[in-house]
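The structure under discussion appears below in the form of structure tokens.
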Amino acid sequence: MKSWLPDKSALKRPRYRSLMEAIEDAIEDGRLHPGDRLPTHRELAFHLGLSVQTVSRAYTRLVEAGHIVGEVGRGSFVRNFADDGALPFPAQRAGGETLDLALLKPVVGDLHREAMRRALREIASDLPDDILSSFRAATIAGRHVEAVDSWLSNCGISRQGRSVIAINGATPAMTVALMSVAHGGDLIVTEAMGHHTLPALCRSLGLRLHGLAMDSEGIMPDALEAVCRADSVKALYIVPDSG
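In my numbering, the protein residues as written are 220 to 462.
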């Protein structure tokens, strides 16, 4: 077992990225060798005075970058590329600023920041009184539902009764919808290029997920018909086209 530990004084903000780079440097300059076992998340967090979550985030990024591997019940190890065969990409870390595509992040410039400030000022000037004292902002939710009603009407859809519920975000909404109609083992079908959080959500709920072939108009009806004939489909999830 390797006893290597990074230098606490060398860490900078953001801590997880600095820790990740320290481990990458140790691998590149030979202080850590293929197969060496890394400290546990808790051990490293205690040594560096960091949260376990920060260390876990750094380790996760290192796994995604292909530098280390995690084995359930054994720990994290420096990856042995000799066991993987030739890599189809350079193993060295790219120089300069790294563009992280793991998360969807908007491009933000001065124009966007000023537009956001202006919008927040307008919202603040029009807040209903009960939003200041209510944990559940029923008034705000009602306004959201009215906006959705208007949008659906423009799409030629009229809701029946209370069929629109205001939810705090797309992923929570998907969670509520799937938990309402499906159970563990059920099959959900969606676009081959669909919502990026749906696969992880289905794994968490124990649901099977199948991607459908698409064309410029969306999912192909023949693909949907074929999977419905071959299996019992519980629900179809599609991302609406605002156009």
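Backbone N, C-alpha and C fix where the C-beta goes; we use that ideal spot for every residue, glycine too.
- Boundaries of the alpha helix (DSSP H) harbouring THR394: 389 to 400, taken from the DSSP string.
- Annotated as proximal: GLY430 and THR409, with beta-carbon spacing under 8 Å.
- Its chain contains no residue whose beta carbon lies nearer than 6 Å to that of CYS447 once the 5 sequence neighbours on both sides are disregarded.
- Pairwise C-beta distances place the segment 276 to 291 in contact with the segment 242 to 259, as three or more of them are shorter than 8 Å.
- When the alpha-carbon of SER423 is set against those of ASP441, PRO440, ALA411, GLY404, the nearest one is in GLY404.
- Between VAL400 and ALA366 a beta carbon distance of about 25 Å is seen, past the 8 Å cut, so the two are scored as non-contacting.
- Relative to ARG293, the option among PRO325, PHE265, HIS260, GLY375 whose CA is nearest is HIS260.
- In the assembly as shown, GLU240 is a buried residue. Its beta-carbon has 16 or more other beta-carbons within 10 Å.
- A direct Cα-to-Cα measurement between ALA396 and SER451 gives close to 18 Å.
- Non-local beta-carbon contacts of PRO418 in its own chain, meaning distances under 8 Å to residues more than five positions away in sequence, involve LEU428 in chain order.
- For LEU267, there is no enclosing beta strand (DSSP E); the residue is part of the alpha helix (DSSP H) that begins and ends at 260 to 267.
- In this structure, the alpha-carbon of SER377 lies about 21 Å from that of ALA389.
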